[in-house]
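A.B. asks: Supplied in structure tokens, the structure appears directly below.
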Amino acid sequence: MGHFCVNCGVPLVVKNIEGRALEVCPNDSYVLWRDPKVSAAVVVEHEGGIVLGKRSIEPGYGLWCLPGGFVNDDEDPAGAAVRECMEEINATVELTGLLGVYHVPKTTASSIIGIAYRGRVADGASISAGPEMLEVRVFPRDALPEIAFPSHRAVLEAYVTSLERGVEAAPVIGAGSALTQVLPLQGPGQRKPRRTR
Ligand SMILES: [Zn+2]
């Protein structure tokens, strides 16, 4: 409460709009909509396991998480996912599929709509800790450490379940305005296909 109009600067007043109490400008059409934020997370496959980062910042300091973060307003979520991988695990990551979409409800901040991708470290690339990580490591998917966020835990469970059932992740759409090239999905134990550019 106690916000001001971004158009004319007067204090907003509470009004009921579509069944919700929202702050609106008494002078013009401005409405302070309470929208969710969008985040992206990636299950990055590498050397037979999954890449996780140990967080050097709160929330979740010292616990492990998937590379990921918030999508900027000028970004495609797939592009944001690749950028976050570069920032957090210092690796070029190729997205290989869409694992799913999840919701993190919050009461004191914006709720989050999360988009979970499957990806892999590009051929010849290595991983190392970015500034928000104490370390990065590859874990076998049946021996994962304590995960910082329930949403990332759920994504990892969905990933493992999808592999066990042989369910392929859906194609990634986006990363620009054209359809992203979808790489062949790898089941457990299969060799990585060579990628030519
Ligand atoms: Zn106004």
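Just so you know, we're using the working numbering here: the sequence shown kicks off at 2 and counts up by one. Just so it is clear, CB atoms sit at the ideal spot from N, CA and C, and this is done for glycine as well.
Mind checking whether the beta-carbon of G3 lies closer than 8 Å to any heavy atom of ligand 1?
C.D. replies: no
A.B. asks: Taking C-alpha atoms, which residue in V137, A171 and S127 lies nearest to V102?
C.D. replies: A171
A.B. asks: Any chance the CB of G10 is under 8 Å from a heavy atom of ligand 1?
C.D. replies: yes
A.B. asks: Classify C9: buried if its beta carbon has 16 or more other beta carbons within 10 angstroms, exposed otherwise.
C.D. replies: exposed
A.B. asks: In chain order, what are the residue ranges of uninterrupted alpha helix (DSSP H) at least 4 long that sit wholly in the segment 5-60?
C.D. replies: none
A.B. asks: First and last residue of the beta strand (DSSP E) that includes G101?
C.D. replies: V94 to V105
A.B. asks: Would you call the segment 126-141 and the segment 101-115 touching, i.e. three or more CB-CB distances under 8 Å?
C.D. replies: no
A.B. asks: Any contact of the segment 56-65 with the segment 155-171, i.e. 3+ C-beta pairs under 8 Å?
C.D. replies: no
A.B. asks: Flag this pair as touching only if the segment 88-105 and the segment 10-21 have three or more C-beta atom pairs under 8 Å; answer yes or no.
C.D. replies: no
A.B. asks: Taking C-alpha atoms, which residue in V25, R56 and C6 lies nearest to F150?
C.D. replies: R56
A.B. asks: Please classify H47 as buried or exposed, where buried requires at least 16 neighbouring CB atoms within 10 angstroms.
C.D. replies: buried
A.B. asks: Can you name, in chain order, every residue of its own chain whose Cβ lies under 7 Å from the Cβ of V32, other than the five neighbours on each side?
C.D. replies: Listed in chain order, the non-local C-beta contacts of V32 below 7 Å within the same chain comprise I18, L23 and V25, local neighbours out to five positions each way being set aside.
A.B. asks: Where do the ends of the beta strand (DSSP E) carrying L164 lie?
C.D. replies: Segment P151 to E165 is the alpha helix (DSSP H) holding L164; no beta strand (DSSP E) there.
A.B. asks: Applying the criterion that 16 or more other CB atoms from any shown protein chain within 10 Å of the CB defines a buried residue, is E165 buried or exposed?
C.D. replies: exposed
A.B. asks: So, helix, strand or coil for G63, using DSSP?
C.D. replies: coil
A.B. asks: Tell me the DSSP bridge mates of R119?
C.D. replies: V44 and G98
A.B. asks: With DSSP run on the structure shown, which of helix, strand or coil describes V83?
C.D. replies: helix
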